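Residue numbers for the sequence shown follow numbering that gives the first Met the number 0, beginning at 0 and rising by one.
All C-beta atoms, glycine included, are put in the ideal place defined by N, C-alpha and C.
All values reported here derive from a predicted model rather than from experimental measurement.
In what follows, a structure is listed as C-alpha cells, so that the remarks can point back to it.
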Amino acid sequence: MGTHYENAKVFKALCDPKRLAILEQLRSGEKCACVLQEPMDLTQSGLSYHMKILCDSGLVISRQEGKWMHYRLSEEGREKAVNLLLELTTPNTKQAGHCPKCGK
Numbered sequence: 000m001g002t003h004y005e006n007a008k009v010f011k012a013l014c015d016p017k018r019l020a021i022l023e024q025l026r027s028g029e030k031c032a033c034v035l036q037e038p039m040d041l042t043q044s045g046l047s048y049h050m051k052i053l054c055d056s057g058l059v060i061s062r063q064e065g066k067w068m069h070y071r072l073s074e075e076g077r078e079k080a081v082n083l084l085l086e087l088t089t090p091n092t093k094q095a096g097h098c099p100k101c102g103k
C-alpha cells in the first residue's frame with residue numbers, strides 16, 4: 000500500500016499533540032485557520048507548519064477563501080490511514096520466513 004515514505008507521512012501527522020488537537024477540532028466540521036489558531040495559542044507560521052503536515056498526510060483537505068485557508072477532515076485520508084494500520088499490524092503467514100540461525 001504505497002511507498003514506505005508516503006505511508007510514514009500518516010504516522011508523522013498523528014505523532015504530535017498539537018496536530019491531534021487540530022484533528023479533534025476538525026471533527027465538528029470545516030474550520031478557518033483563524034479559528035484553529037486561537038485556542039491552540041499558535042502563531043500563523045506555527046499553524047501553517049502543522050497544517051502542511053496534516054494535508055501532506057492526506058488526513059486533512061484545505062481550500063482557500065479570500066485570504067484565509069479553510070480545513071476539513073478527509074474521508075479518503077481517514078480510510079487510507081485505517082487500512083494502512085490494519086495492513087501493517089495484521090500477520091501475513093504466507094510470507095513467514097525461517098530464521099537461518101534457529102530454524103523457526
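* To do: Taking Glu64 as part of the alpha helix (DSSP H), name the residues at either end of that continuous run.
  => Unbroken run through Glu64 is the beta strand (DSSP E), 59 to 64; no alpha helix (DSSP H).
* Report, in whole angstroms, the separation of the C-beta atoms of Leu58 and Gly76, which I expect to be a contact under 8 Å. => 4 Å
* Can you give the beta carbon distance from Ser56 to Lys11, rounded, assuming they're within the 8 Å contact cut? -> 7 Å
* To do: On the DSSP bridge assignment, give the partners of Cys31 in chain order.
  => His69
* Output the distance between the C-alpha atoms of Lys8 and Lys79, rounded to the nearest integer angstrom. => 12 Å
* Count the other CB atoms within 10 Å of the CB of Arg26; is the residue buried (16 or more) or exposed (fewer)? -> exposed
* Within 8 Å, strictly: CB atoms of Leu35 and Leu19 -> no
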